[in-house]
Amino acid sequence: MDLNFYKKQALLKQKEYKKFLDGLKKKPPKNLDYIVQETHDEVFEKIDCLQCANCCKTTGPLCTEKDIERISKHLRMKPADFEAKFLRVDEDDDKVLQNLPCFFLLDDNTCSIYEVRPKACREYPHTDRKKIYQINDLMMKNTVICPAAFEFVEKMMKNIAK
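Given below as structure tokens:
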């Protein structure tokens with residue numbers, strides 16, 4: 034998988050994507066959630082996240098209190114110790130990973146805490162969410178990081194045009 038290709042293409046198409054996504058926000062088709070789910074399924078039939086893991090290498094998830102409790106319990110650590118070892122508070126006052134790539138990413142691109150991973154990781158790249166137009170800015174950022182998000186927006190433009 035050529036991440037540089039996807040990144041370059043996504044950067045070249047940011048204006049086009051913004052126009053398309055803004056259009057979805059202004060006038061969403063009646064069956065938008067259905068088209069989104071269908072497009073998401075289509076993309077993930079072809080893309081295997083384990084071939085890439087760029088999200089785990091380049092972007093840290095926001096960790097909620099529930100995430101921290103669940104993961105620290107799994108690791109048999111006190112939540113405060115987990116936070117001290119792995120997290121920091123960012124400029125938005127969110128708890129995020131101290132370092133990238135993610136500490137829990139293994140050499141084969143699998144996740145050592147997959148069963149208890151943060152909600153943000155479980156939902157990434159957010160291509161199967163209802164009312165997708167509510168996260169246009171996030172989707173634009175994700176197209177540069179994630180080949181699946183790039184392919185999703187490309188296919189959405191075709192599927193909506195049908």
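According to the working numbering, the residues represented by the sequence shown are 34 to 195, in order.
We put the CB at the ideal spot given by N, CA and C, even for glycine.
**Item:** Span of the beta strand (DSSP E), counted from its first residue to its last, around V149
**Value:** Counted as a single uninterrupted DSSP element, the stretch harbouring V149 is not any beta strand (DSSP E), since DSSP gives it neither H nor E.
**Asked** Is the distance from the Cβ of E116 to the Cβ of K128 below 9 Å?
**Response** Yes.
**Item:** Helix, strand or coil at R103 [DSSP, three-state]
**Value:** DSSP, read as helix, strand or coil, puts R103 in helix.
**Asked** Which residues mark the beginning and the end of the beta strand (DSSP E) in which L44 is found?
**Response** Premise fails: L44 lies in the alpha helix (DSSP H), L36 to L45, not in any beta strand (DSSP E).
**Asked** Can we say the segment 36-46 touches the segment 165-181, given the rule of at least three CB pairs closer than 8 Å?
**Response** Of all C-beta pairs linking the segment 36-46 to the segment 165-181, three or more are shorter than 8 Å, placing the two stretches in contact.
**Request:** For L83, collect the residues of the same chain with a Cβ closer than 8 Å to its Cβ; drop the 5 residues on either side in sequence, then sort them by chain order.
**Result:** Taken in chain order, the residues that qualify are D141, N142 and T143.
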